[in-house]
Structure formats: structure tokens, C-alpha cells
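Residue numbers (this note's numbering), protein chains in the order written: chain L, 54 to 290; chain A, 123 to 343. Just so it is clear, CB atoms sit at the ideal spot from N, CA and C, and this is done for glycine as well. The structure displayed is predicted, hence computed values, not measured ones.
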């Protein structure tokens with residue numbers, strides 16, 4: 054694991070893993086979407102329940118991405134590992150996109166279900182704040198010229214955000230809530246019918262692999278870009 | 123301790139003298155609070171209902187807009203390098219600067235808010251609750267804002283980045299701050315004051331470390 058911190062070894066290993074990951078993502082997405090479109094309509098929500106299969110995994114991956122980004126930021130700050138810096142920097146836009154995807158699909162679902170595209174509900178609002186946090190981390194990284202400083206500064210912000218996110222989440226939930234409560238990880242087992250649970254599980258896995266595939270692609274591209282920049286400066290290209 | 127006190131005193135003098143920006147933050151706060159009724163209409167009943175939220179948001183904006191010089195001025199003229207070399211740790215320097223910012227901005231904002239609350243038609247118990255919530259909550263704004271100021275100190279045109287990165291982080295202060303006032307107005311028992319105090323304490327204790335890390339990062343060559 055630690056030997057992968059060397060960018061050269063990372064490039065070799067990720068180059069081998071990436072095609073498999075991409076194929077697995079494509080297969081799982083195909084299977085998951087087919088399952089999602091073939092489940093019977095919900096007795097209450099009708100066909101709108103299918104939005105859940107693209108909405109819930111996006112929200113999960115958005116939160117997972119934040120956790121991984123903050124972890125990479127901590128590793129980069131503590132061990133000064135260049136690869137962790139690359140990982141941190143490239144995770145932020147991906148997380149922002151998944152957060153936005155969660156918000157957009159959620160509002161499309163909210164229109165038929167709640168009668169409004171947007172309600173000022175606890176979970177929705179805390180997710181919007183998560184998006185702002187992602188955008189702030191990206192903006193800070195872009196605004197600082199020195200590349201190492203930019204990554205470290207946005208890394209500190211990511212860690213501060215990680216400490217603060219649970220508080221934001223609970224305070225916003227205290228503020229007001231309309232979104233349904235936890236339906237999977239709760240006492241007494243999941244409250245979702247098994248028919249819907251399977252496609253959801255496949256889609257969650259597909260989204261996760263999609264995130265990792267895109268993350269690796271972005272990391273590889275960043276490393277290659279830096280190599281190209283160095284070659285250009287030293288005049289060997 | 124002595125060094126800490128003299129640093130706070132120095133920053134206070136710098137903030138209060140001409141060009142320090144403390145008075146400007148207060149004027150900005152009053153101007154925003156005046157603009158809202160112009161946009162919404164002079165209905166006192168409505169204004170009393172939204173007073174807590176409006177004044178809290180305006181206070182947070184005024185405090186954040188006055189934060190960008192917190193470290194930047196000292197960074198540009200080299201004083202920050204001397205502070206880093208002084209026996210005082212950078213964490214203590216950050217704490218002193220945050221304290222000075224609160225004394226020169228958060229505290230006066232709280233006092234002016236009491237006057238504005240009356241103008242908004244907030245009843246006496248609501249005004250008392252608003253002043254108490256601002257008194258408890260604004261230290262958190264200065265503290266978390268201090269992190270933002272430290273992280274953005276090397277950005278020359280960072281005027282909007284600082285509020286943008288800090289605003290999501292201080293959402294709990296606004297929620298509990300105005301929530302506490304609304305609970306008092308409605309005669310409800312609520313833990314908002316306790317949550318606000320807990321958040322504020324946590325922010326004041328933890329923020330100097332993050333702010334110092336941000337300063338260190340920008341000073342290191």
C-alpha cells in the first residue's frame with residue numbers, strides 16, 4: 054500500500070487496474086439501470102421511485118468522496134506525500150459533481166412527491182452546504198498560485214470542513230426536516246422492500262466504482278501533466 | 123501572557139484607528155439592516171418576525187468582510203514573520219488576533235444590533251435573546267473566520283473567497299443564533315442557546331490551531 058505512494062509505482066499499478074475497473078463500472082451500471090427500470094412501480098410513489106436508484110447512490114458517493122478527500126488531505130499534510138496532494142486536489146471536483154447530481158436528481162424527485170423542486174429541508178440544505186464547501190475548496194485551490202501551497206491550504210479547509218460537517222448536518226436537521234429518515238442502516242433492518250433493495254445495492258456499487266475510475270483517471274492525468282510541464286521547462290521535449 | 127495581551131492591544135488599536143476597518147464593518151451592518159425593510163416593506167409585524175434572521179445574517183457578513191486584513195496586512199509588511207519568530211506560538215498569535223477581531227467587531231455589532239432590533243419592532247424579550255445570542259455566537263464567527271483569513275492571506279484579490287469558504291462552516295451559528303431568538307419569541311423551550319454556546323466554545327478552542335497551520339503554510343518558503 055505504502056509503496057504506491059511513489060508516483061511511478063502508482064502509474065504502473067493504476068494503469069493495470071484501470072481497464073478492469075472501467076469495465077466493471079460499465080457492466081454494473083448497465084445491470085443496475087436495467088434492474089432499476091424493470092422493478093415494479095412503488096404503490097405510493099409510482100414510477101418516480103426509479104429516481105431513487107440514481108439519487109441515493111450519488112448522495113452516498115458524494116459523502117464518501119468528502120471523507121476520502123479529507124483523508125488524502127490529512128495524509129498530504131502529515132507525511133508530505135505528493136501523491137496524496139494529487140489525490141486530494143482531484144477528488145474535490147468529482148465530489149462536487151456527485152453532490153450536484155444528488156441535488157438535481159433529488160429535486161426532480163421532489164417535484165412529483167413534495168410538489169416543489171426545492172424545499173428548505175434539513176438534509177437538502179446540508180447537502181447544498183456540502184456543495185458550497187466543495188466549491189470553496191476548489192476556489193481556494195485555484196486562487197493560490199503556488200501549487201503546493203494551494204493544495205495544502207485547500208487540504209486544511211477540507212479537514213476543518215470534515216470536523217464541521219457532522220455539526221452542520223445535525224444543526225440543519227434540528228432546524229427543520231421533511232426528508233425521510235434513515236431507511237437502510239437502522240434498528241430493525243432496512244425499511245425498503247427487497248425488490249428495490251437489490252437494484253439500489255448494484256447501483257451503489259456501480260457509482261462507487263465509477264467514482265474510483267474517474268478519480269484514478271484524473272490522478273493519472275494530473276501526474277502526466279506535471280511530467281509534461283517539467284519536460285517543457287527543462288527543454289527536453 | 124503579557125505578549126498575548128500586548129498583541130491583542132496592538133491589533134485593537136490598529137483596528138480602531140482610521141483605516142482599520144472596524145468602524146466600517148459596523149456602518150456596513152447598519153446599512154444592510156436598513157436596506158432590508160426597504161426591500162420588504164415597513165410591516166412591523168413581519169419585520170419583528172424576521173429581525174433575528176436578518177440581523178444575524180447581516181452581522182455575519184459584516185464580520186466576515188472585515189476579516190480579510192486579519193493576517194494579510196501583517197503578512198505584507200513582514201510583521202507576521204516577526205510574530206512567527208517571537209516566543210509566542212503561532213497558535214497564540216492566531217488566538218490573539220481572533221480575540222482582537224471579536225473585541226473590535228463582534229462586540230460592537232452586538233450592541234448596535236440591540237438598537238436595530240428595536241427599530242425592527244422586536245419585543246423586549248426577543249431583543250434580549252438576540253443580544254445574548256450574538257454575544258455567545260459571534261466569537262465563533264471570528265474564530266472560524268480566522269481560519270479563512272489565514273488560508274487566504276497570500277491571495278491578493280481574495281475579497282470574495284474568504285466569505286465564500288467560511289459561510290458554509292458557520293451555518294450552525296446562524297441556525298442556532300436566530301433559532302434561539304425565535305424560540306424565545308414563541309415561548310418555547312429550546313436547547314438552541316446551549317448548542318450555540320457549545321459550538322462557539324469548540325470553534326474558539328480549535329480554530330487557532332487550523333489558523334496557525336494556515337499561517338505557517340503561507341510563511342514557509
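Inset, instruction - Let me know the secondary structure DSSP gives residue 99 of chain L once reduced to three states. - result: Of the three classes helix, strand and coil, the one that applies to residue 99 of chain L here is strand, per DSSP.
Inset, instruction - Have a look at L:252, L:179 and L:284 and flag the residue whose alpha-carbon is nearest the alpha-carbon of residue 218 of chain L. - result: Nearest option by C-alpha distance: L:179.
Inset, instruction - For residue 340 of chain A, I'd like the list of residues in its chain whose CB is within less than 6 Å of its CB, leaving aside the five on either flank, ordered along the chain. - result: The answer, listed in chain order, is 275 and 276.
Inset, instruction - Verify the CB distance criterion: does residue 276 of chain A have a CB-CB separation below 8 Å to chain L? - result: Yes - at least one Cβ of chain L is within 8 Å of the one on residue 276 of chain A.
Inset, instruction - Note down the Cα distance separating residue 167 of chain L from residue 103 of chain L, rounded to an integer number of angstroms. - result: Residue 167 of chain L and residue 103 of chain L have their alpha carbons spaced roughly 16 Å apart.
Inset, instruction - Indicate, with yes or no, if the ligand ADP has a heavy atom lying under 7 Å from the CB of residue 186 of chain L. - result: With respect to small molecules bound, the structure shown includes none, and the ligand ADP cannot be examined in it.
Legend entry - Integer-rounded CB distance, given that residue 88 of chain L should sit under 8 Å from residue 251 of chain L: Contact between residue 251 of chain L and residue 88 of chain L holds: CB atoms are separated by about 7 Å, below the 8 Å threshold.
Legend entry - Test: residue 311 of chain A CB closer than 8 Å to a CB of chain L: Residue 311 of chain A does not count as touching chain L.
Legend entry - C-alpha gap between residue 175 of chain A and residue 235 of chain A, whole angstroms: Answer to the nearest angstrom: the Cα atoms are 12 Å apart.
Inset, instruction - Give me the Cβ distance between residue 202 of chain A and residue 147 of chain A, rounded to the nearest whole Å; I'm assuming they're in contact under 8 Å. - result: In fact, because the Cβ distance is near 22 Å, the residues do not count as touching under 8 Å.
Legend entry - Nearest-angstrom Cα separation, counted from residue 254 of chain L out to residue 73 of chain L: As the crow flies, the alpha-carbon of residue 73 of chain L is around 20 Å from that of residue 254 of chain L.
Legend entry - Distance, residue 264 of chain A Cα to residue 183 of chain A Cα: The alpha-carbon atoms of residue 183 of chain A and residue 264 of chain A are separated by roughly 11 Å.
Inset, instruction - For the stretch 272-283 of chain L and the stretch 61-72 of chain L, state whether three or more C-beta atom pairs, one from each stretch, are separated by less than 8 Å. - result: As far as the Cβ criterion goes, the stretch 272-283 of chain L touches the stretch 61-72 of chain L, which means the pair count is three or higher.
Inset, instruction - In the DSSP assignment, find the unbroken alpha helix (DSSP H) run with residue 344 of chain A in it and report its ends. - result: Given that chain A is displayed from residue 123 to residue 343, the structure contains no residue 344 of chain A and the question cannot be resolved.
Legend entry - Status (buried if at least 16 other CB within 10 Å, exposed otherwise) for residue 322 of chain A: Residue 322 of chain A comes out buried.
Legend entry - Exposed unless 16 or more other CB atoms sit within 10 angstroms - verdict on residue 278 of chain L: Label assigned to residue 278 of chain L: exposed.
Inset, instruction - Could you tell me the boundaries of the alpha helix (DSSP H) in which residue 285 of chain L lies? - result: Note, residue 285 of chain L: alpha helix (DSSP H), 247-287.
Legend entry - Integer-rounded CB distance, given that residue 137 of chain A should sit under 8 Å from residue 222 of chain A: Sure, about 6 Å apart at Cβ, within 8 Å.
Inset, instruction - Pick helix, strand or coil for residue 217 of chain L, following the three-state DSSP scheme. - result: In the three-state scheme derived from DSSP, where H, G and I count as helix and E and B as strand, residue 217 of chain L is classed as helix.
Inset, instruction - Can you tell me which of the three DSSP states residue 171 of chain L falls into? - result: Here residue 171 of chain L sits in coil by DSSP.
Legend entry - Contacts that residue 192 of chain L makes with chain A (C-beta to C-beta distance below 8 Å): Those within 8 Å of residue 192 of chain L in chain A are 283, 286 and 287.
Legend entry - residue 187 of chain L vs residue 148 of chain L beta-carbon contact at 8 Å: Yes.
Legend entry - Sequence-distant residues of its chain with Cβ nearer than 7 Å to residue 108 of chain L (five each side left out): Short of 7 Å from the beta carbon of residue 108 of chain L, and not among the five residues preceding or following it, lie these beta carbons of its own chain, in chain order: 155, 158, 159 and 162.
Inset, instruction - Leaving aside the five residues before and after residue 301 of chain A along the sequence, list all residues of the same chain whose C-beta is less than 8 Å from its C-beta, in chain order. - result: The answer, listed in chain order, is 312 and 314.
Inset, instruction - With 8 Å as the threshold, decide whether the Cβ of residue 148 of chain L is near any Cβ in chain A. - result: Among the CB atoms of chain A, none fall inside 8 Å of the CB of residue 148 of chain L.
Legend entry - Contacting residues, own chain, Cβ-Cβ under 6 Å from residue 211 of chain L (five flanking each side not counted): So the list reads 122, 123, 126 and 190, once near-sequence residues are dropped.
Inset, instruction - With a threshold of 16 other CB atoms inside 10 Å of the CB of residue 280 of chain L, please say whether the residue is buried or exposed. - result: Exposed, since its Cβ has fewer than 16 Cβ neighbours within 10 Å.
Legend entry - Simplified DSSP state of residue 230 of chain L, which is helix, strand or coil: Note that residue 230 of chain L scores 49 on pLDDT, short of 50, meaning its location in the model is unreliable and no value can be drawn from it.
Legend entry - Separation of residue 139 of chain A from residue 113 of chain L, as counted between CA atoms: Approximately 50 Å between the Cα atoms of the pair.
Legend entry - Residues of the stretch 165-187 of chain L with Cβ closer than 7 Å to any Cβ of chain A, in chain order: The stretch 165-187 of chain L vs chain A, Cβ under 7 Å: 182, 185 and 186.
Legend entry - Spatial distance of residue 281 of chain A from residue 154 of chain A (CA atoms): If you draw a straight line from the Cα of residue 281 of chain A to the Cα of residue 154 of chain A, it comes to about 18 Å.
Inset, instruction - Could you tell me if residue 279 of chain A is buried or exposed, where buried requires 16 or more neighbouring beta carbons within 10 angstroms of its beta carbon? - result: Label assigned to residue 279 of chain A: exposed.
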